[in-house]
Structure formats: C-alpha cells, structure tokens
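Everything below concerns the one structure shown next.
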Amino acid sequence: MEMLRLEGLAKRFGDVVALDDCSFQVGRGEMVGFLGPNGAGKTTAMRSIFGLVALDRGSVDWQDSPIDRAVRLRFGYMPEERGLYPRMRVLEQVVYFGRLHGMARAQASTAAHRLLSDLDLAERWQDRVQDLSHGNQQRVQLAVAMVHSPELLVLDEPFSGLDPVAAARLAETLAERARAGTAVLFSSHQLDVVEHLCEDVVIVNRGRVVLAGRVEDLRAASRRRYLEVVVRGGGTGWAQSVRDATLVSHNGDRLRLRLDGPFDLTDLVSRAARAGEVQEFSLTPPDLSEVFMEAVGR
Amino acid sequence: MNTWRTIRLVIGRDLRARRKAAATVTAITLILAVGGIVIAALVTEGRAAALSGEEADRVLASLGVIILFMALVTTGGVIAEGVVEEKRSRVVEVVLGAVAPRHLLMGKAAAIGLIGLAEVLLMVGAVIAAGLAVDAFPLPQATAGTLTAVVGWFLLGYAFYAAMYGAAGALVAPHENSGSATFPVTLVLIVGYFVGLSVRPSGNLLVLVLSLLPPTAPLTMPLRIAYGDASAWQVALSVVLTMVAAYGMIRLGARLYAGALMRGGRVSWRDAWRNAAHLG
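Pasting the structure below:
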C-alpha cells in the first residue's frame, strides 16, 4: 500500500539544481534504500518531507493528502547533520521529543526506557548527551526518531560512522520496524548494506530518479551478466572466443567472465563442455553497486 | 496536535535548561541588593533621607529605566544565544520536524520572558527595599504607579524586541557569536536608554515623539509618566502603538527566524525574509 508519495519535486539553490522533477513512493511496511552520489538531492528530498525546504515545484503526500503538521507528528526523522541538546540528559531528551510528537509524559517515558534498553543505553540514561561517545549519541538520535513509533521513518545516512556490529544492530532494528508496518526510507552509500536490507531502492542522480524498484528486478534488468565457471583443464582460451565476453579474473581453472551483450546459454554451456569437464557453472546478474554505477553513469 | 501544548513543552524545556543561570543571576541580584541597602544605611547613618513623593517617583523611574534597559538587553541576548545554540548543536532540524518555527520561537521567548520578568520584579523589589531601609521615600502612594509602569513597560518592550532578537540569533552562522547580529537591535535600545535618561520635565517635542513611538517608548515613557509630563491620552496612545507594533514585530521576527534557521552560514536579513515564504 502506497503511503508516501513525492511527486515532481524541484528545487534550485542559486545555480545549483538540487531536485529536478524527482518522484517516488514508499509503501507501508516497505524499507526503501535511497541512493545517489553526493549532491544528488537525497537530503533535500528528505527535508522536503518535513517541510524544511521551500520547494520550487512538486508535492509531498501522505496517504493521498498533503502533509500538514499533525500528520508530520506521526513521522520520525534523523537528519544527516545529527543534532541533540548537548546538555540535556539522555532519557529527558528522548521523552521530550516523544512528548513533542504528541505522547503523554508517562507513555513517552515508558517508550523511552524500552527503546534505550533495546539500544544498549539503559545504563546511560542519566548522562548528558555531550558526555556520550559518537556512536552512543547516534543511538540516542535514533531513539529520538523512533520513540513515538512513527508510521514513517526517514533516516539520512543512518549507517555512516557505525562499526559493523552497530550497523548490523541498526539493520535489525529497522527491519523489525518495517515488519511492524512502518514505512522506512533511508539514504546510504553502503550499497552492500542496502542490498542486504532493502527489497526496494530509489536511485537519484542530479536531482532526478534514474532507477527505482525491487533490487532483484533492477539487477535482473541489467543486460550484463557474470559467469563463474570451473572447467577442469579448460584454460582460458575457450572463453576468449565467446562474443561480448570479457575475462574479469581467473584462478587456475576458475574463470569469471563478464557478458555484456545478449548470449546463447546453450552455446555457452557447450563451449565450456568442449573445453573440459565443467564442474561449476553459475550465471549471476550484476550486484547493486554495479547497477548503481551504471544508473548514475560512472 | 494542540499548539499550546507544544508551546508549553518548549517553555518547560527552555526554563529547565536555564534554571542554573537564572538562580545565579537571582543570587547576584540579592547580594547586590542587600549590599546596597547596608551601604545606604551606613551612609545615611540611620537619618531619614526622605524624598517628597514627586522626587521619589523620579528617582524610582530613573532606576526603573536602568532596570528596563538592562533587562531588555540581557533577555534579548539570552534569546539570541539560545537560538544560536540550537543552530550550533544542529538539534533545530529535529525539533522543526515536530514544531513550527514560530511556535519554537514563541516558547523560547515566553520562557526567557518569564525569567526576565522575575528578575525585573526582583530588582524593582530590591530598589524599594533599599529605599525603605533608609526611609528615602514614602510607600505606597509614590511607588505603586512607578512599579506598575516599570513592569508594564518591560512586558511591552519585551514583546516588541524579543522576536527580533530571536531572528537576529537565527541569522548568525553557527560558529559565530550572536553579538554581531543582535547589535542593530541593541543599538535602538541604547538610543531609547539615553533619551529616556535625559528626559527633563516639560521636555521638547523630540522627547514627546520618541516617547510615543514603539521602539523608544518603553524606555522614555516611564520617566515622562513619573514627571507628570505625559497626559493620559499620550500614555494610552504609546501603549496602544507599542502593542500594535509588537504584534507586527512578532510576525516579522518569526518570519525572519523561520527563514534563517535552516540556512548554514551567515544569513542576510533579506535572504531570511525571502526564504521564509513557505514556512509558518
């Protein structure tokens, strides 16, 4: 079910085009990875959801209506530029933001306690935010974004600066929220994380959506394929006669080929079989990072 | 959600964040007041230095102008600094996800205004206590009017200046000190202060005009009232004008504040005005 829809967003900052007819959707329970090179317009698009940007054109709708302040209270936001009240204590801070989003004090307090212990911050709740490590501040920031159980979670680069353990933990938390029905939109440069975590991605470049859809479909839609094959005693000679194929690497009898054009699978198999005993033969589409590079023309 | 609830929450946070600073200022004021009373009592050696009701009003009103000026400039500075802090810590982007910029500014201004009002009452109280301690002026005939005037003009002046100080704070680049941006606003107060202190009975036309016009009325009218120089219609007119102007300044200040808050670096007044069209 479609919940968030950005339609035809346009925004210039002087001569710089941040958004240029940018449109995409996020559905209920969907976790969408928002990708693009630096300066592609991701942050501007995310800010527009919270009314923090004066758009030149376009609309941002939630459940088919324009987003107003009351609706926005059901959203959670973690900006790219992290920020908390440095001298406020952790629990007090999370409770404050819960209440700003409409929760009663007791309700916010319960939710904050639970969230902080989920994030392994249970023992730090009385500390001032400025006394926490960078990683822990990031967790508090996440707690602030999630304390009111938002229906939409918008996270700008949530994985940046996290160690692998913390990143895995965050991925798990986000997946949990999405399973519970939250629509999650997050930007990231860590394409492996995105590929692992998201079913859907939106790729922007120069303010426009250049590719959007299921990761699997986008990978499959690429004309390029990789062939990993082990032909005992086959050498590399047989592969060089395949049209549009490039030998990417080889290690003994194990070859990795890139197929850039249409190919005949039966022909490929028989060529390999003629060269020697085929022990492994697997054809895979390019991974997300390659799809990304292709889409942004790098 | 209820706007007032949001503003109350902001007020609560801003009050809590400043409770230590407020306590410190209160303590200093009390120490100075007690010290002043003791010194005054020693100097007069218990003799009554009684002033007539009229003289008492003038002394009180002059002190009132000083108190007003100091209170307006310091509370204004605290607002601007509070705004810069939220910009500097970059928490403002998260807050604005949930709170309209004008509500954030209103809450902050109300919280700091409450602290300012408490300080004004404390200082006025200290002046009266000092006067009583040395029997300098009679109570309550002479003082009641002046006291009301000082407190009333603080509220009016604060309403007029607070949003502008907030807007000035929002213009500042996060690493900068807020002083440079607030100076133009403070300058207007300084003009009012010197005019206010130089008011003499049957003052000239300039003083009359300045005491009616909003930017300077809060600091010039109290003395004219004390001198019995201002007629009822003049007082009423200056109060109404200041109230109307304060409303305009709050709208204007809130717009500039909203337009500047999400900008990095130093923002010009013009850019802030233009950029705010979509925010409310």
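Residue numbers (my numbering), protein chains in the order written: chain A, 20 to 317; chain B, 18 to 297.
Every residue, glycine too, gets a C-beta built ideally from N, C-alpha and C.
Give a yes or no on whether the minimum CB-CB distance between residue i and chain A is below 8 Å.
i	result
G114 (chain B)	yes
T259 (chain B)	no
E110 (chain B)	yes
T23 (chain B)	yes
M279 (chain B)	yes
R268 (chain B)	no
A34 (chain B)	yes
S69 (chain B)	no
A117 (chain B)	yes
N292 (chain B)	yes
S195 (chain B)	no
L26 (chain B)	yes
S106 (chain B)	yes
R287 (chain B)	no
Counting only beta-carbon atoms, is residue i nearer than 8 Å to chain B?
i	result
F32 (chain A)	no
F178 (chain A)	no
H215 (chain A)	no
R91 (chain A)	yes
P105 (chain A)	yes
P98 (chain A)	yes
G271 (chain A)	no
L189 (chain A)	no
Y245 (chain A)	no
H120 (chain A)	yes
L71 (chain A)	yes
F391 (chain A)	An answer regarding residue 391 (chain A) cannot be provided, because it is not within the stretch 20 to 317 covered by chain A.
E26 (chain A)	no
V114 (chain A)	no
D102 (chain A)	Going by the sequence as given, residue 102 (chain A) is Gly instead of Asp. Yes, G102 (chain A) lies at the interface with chain B (some Cβ there is under 8 Å from its Cβ).
V261 (chain A)	no
V35 (chain A)	no
On the DSSP bridge list, what partners appear for residue i?
i	result
Y245 (chain A)	A:R277 and A:T303
D219 (chain A)	A:V51 and A:R233
S206 (chain A)	A:F53
A240 (chain A)	Answer is none; A240 (chain A) lacks a bridge partner.
F32 (chain A)	A:V35
S268 (chain A)	A:R275
Go ahead and label residue i buried or exposed: buried means 16 or more other beta carbons lie within 10 angstroms of its beta carbon, across all protein chains shown.
i	result
Q149 (chain A)	exposed
V60 (chain B)	exposed
H167 (chain A)	buried
L204 (chain B)	exposed
V189 (chain B)	buried
M312 (chain A)	exposed
D236 (chain A)	exposed
M123 (chain B)	buried
N292 (chain B)	buried
D153 (chain A)	The identity of residue 153 (chain A) in the sequence shown is His, whereas the question assumes Asp. H153 (chain A) is exposed by the Cβ-count criterion.
I13 (chain B)	With chain B running from 18 to 297 in the structure shown, residue 13 (chain B) is simply not present.
G297 (chain B)	Low per-residue confidence applies at G297 (chain B): pLDDT is 40, beneath 50, and the placement is therefore not dependable, though the value from the model is reported in the following sentence. Exposed, since its Cβ has fewer than 16 Cβ neighbours within 10 Å.
E49 (chain A)	buried
W21 (chain B)	exposed
P98 (chain A)	buried
L223 (chain B)	exposed
P201 (chain B)	exposed
H120 (chain B)	buried
S136 (chain A)	exposed
G60 (chain A)	buried
R217 (chain B)	exposed
V95 (chain B)	buried
Assuming residue i contacts residue j under a Cβ cut-off of 8 Å, what Cβ separation, rounded to an integer in Å, is found between them?
i	j	result
G95 (chain A)	V213 (chain A)	Incorrect: roughly 19 Å between the Cβ atoms, too far for contact.
S67 (chain A)	L92 (chain A)	Actually they are not in contact, since the Cβ atoms of S67 (chain A) and L92 (chain A) sit about 17 Å apart, beyond 8 Å.
L274 (chain A)	L266 (chain A)	6 Å
A198 (chain B)	A180 (chain B)	Wrong, their Cβ atoms sit about 14 Å apart, outside the cutoff.
A17 (chain B)	T163 (chain B)	This structure gives no information on residue 17 (chain B), because the portion of chain B shown stretches from 18 to 297.
Indicate whether at least one CB of chain E lies closer than 8 Å to the CB of residue i.
i	result
E98 (chain B)	In the structure shown, chain E cannot be found, because the protein chains are A and B.
- Task: Pick out the complete alpha helix (DSSP H) segments inside the stretch 59 to 96 of chain A, 4 residues or longer, and give them in chain order.
- Result: Contiguous alpha helix (DSSP H) elements confined to the stretch 59 to 96 of chain A occur at 61 to 68 and 88 to 91, taking only those with 4 or more residues.
- Please specify which runs of the beta strand (DSSP E), each continuous and at least 3 residues long, are wholly inside the stretch 63 to 124 of chain B, giving them in chain order. none
- Starting from the N-terminal side, write out each stretch of the alpha helix (DSSP H) that is 4 residues or longer and does not extend beyond the stretch 124 to 161 of chain A. 124 to 137
- Considering only residues of the stretch 218 to 285 of chain B, which uninterrupted alpha helix (DSSP H) runs meet the minimum length of 4 residues and lie entirely inside it, listed in chain order? 222 to 229, 234 to 243 and 249 to 278
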